[in-house]
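Remarks on the structure that follows.
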Ligand code: AMP
């Protein structure tokens, strides 16, 4: 289906639905350029850059960073020389962002497939309570469901330092879920109308989810 045509995979889902884990599996398998607005924003906050200082409070409260900031970040990525297969994790997150992205991609003939991760709120709260990630490469883990193979050592890069996110506190997660319901879930309908949205049952194990997502991407690349 896709002959020399640039393409984008978009992951949409509530916090804790496993988007980040799947993004890292897909990135390794297909050699995508993977772009997570959450990771980029955390880097800015850690650097204490002008942007980082501006968005820290919004981020800490679990609210959404203004559309123009994240849309600009995404455009910068897409305008880079040689970027022709991109995986978006956590972007777009509002209808406004989705429309800006569509405008940009459609006029350059990008092919787009959207995976939306569907998961019950109770499971989300349990999952987020145990998650942490490698300080060096961002590989995500979970104390209950996805521990590193060797205790204390990252499977991906061998790093030994891990971080727990500030915005994973229960009350912040509840706010993030609220934002997801109000601001992000309408995007799913937007993409359904374009016939490019695929549901992912995010209650399955990480291996089962990746098997299904990989099969769908392989079918798309035929
Ligand atoms: P994530 O790592 O994707 O869960 O994102 C963490 C936080 O970064 C979110 O709770 C928002 O504050 C912010 N963020 C990430 N992506 C976006 C986006 N596309 N639009 C607005 N805010 C975002």
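In my numbering, the protein residues as written are 88 to 309.
A virtual CB, placed ideally from N, CA and C, is assigned to each residue, including glycine.
I'd like to check one pair, residue j with residue i: are the Cβ atoms closer than 9 Å?
| i | j | result |
| --- | --- | --- |
| residue 181 | residue 264 | no |
| residue 131 | residue 139 | yes |
| residue 200 | residue 303 | yes |
| residue 158 | residue 187 | yes |
| residue 227 | residue 107 | yes |
| residue 202 | residue 101 | no |
| residue 293 | residue 103 | no |
With 16 other CB atoms within 10 Å as the buried threshold, where does residue i fall?
| i | result |
| --- | --- |
| residue 273 | exposed |
| residue 239 | exposed |
| residue 224 | exposed |
| residue 151 | buried |
| residue 121 | buried |
| residue 297 | buried |
| residue 169 | exposed |
| residue 287 | buried |
| residue 221 | buried |
| residue 308 | exposed |
Rounded to whole angstroms, what is the Cα-Cα separation between residue i and residue j?
| i | j | result |
| --- | --- | --- |
| residue 161 | residue 277 | 19 Å |
| residue 291 | residue 145 | 32 Å |
| residue 261 | residue 253 | 13 Å |
| residue 171 | residue 231 | 37 Å |
| residue 117 | residue 269 | 32 Å |
| residue 229 | residue 198 | 33 Å |
| residue 119 | residue 246 | 23 Å |
| residue 80 | residue 129 | What is shown of the chain runs 88 to 309, which leaves residue 80 out entirely. |
| residue 267 | residue 123 | 16 Å |
| residue 241 | residue 235 | 6 Å |
| residue 164 | residue 184 | 15 Å |
| residue 93 | residue 251 | 35 Å |
| residue 193 | residue 179 | 15 Å |
| residue 191 | residue 306 | 25 Å |
| residue 134 | residue 141 | 12 Å |
| residue 275 | residue 156 | 22 Å |
| residue 143 | residue 166 | 26 Å |
| residue 301 | residue 289 | 14 Å |
| residue 154 | residue 295 | 33 Å |
| residue 237 | residue 216 | 21 Å |
| residue 271 | residue 195 | 25 Å |
| residue 127 | residue 206 | 25 Å |
| residue 136 | residue 244 | 27 Å |
| residue 248 | residue 91 | 40 Å |
Would you say the beta carbon of residue i comes nearer than 8 Å to a heavy atom of the ligand MN?
| i | result |
| --- | --- |
| residue 178 | With respect to the ligand MN, the structure offers nothing, as its ligand set consists of the ligand AMP. |
Evaluate contact between the region 92-109 and the region 172-190, counting only Cβ atoms and requiring at least three cross-stretch pairs below 8 Å. yes
The region 209-223 / the region 111-122 touching (three or more Cβ pairs under 8 Å): no
Looking at C-beta atoms only, is the number of pairs between the region 278-286 and the region 247-259 that lie closer than 8 Å three or more? The answer is no - the region 247-259 does not touch the region 278-286, with fewer than three Cβ pairs under 8 Å.
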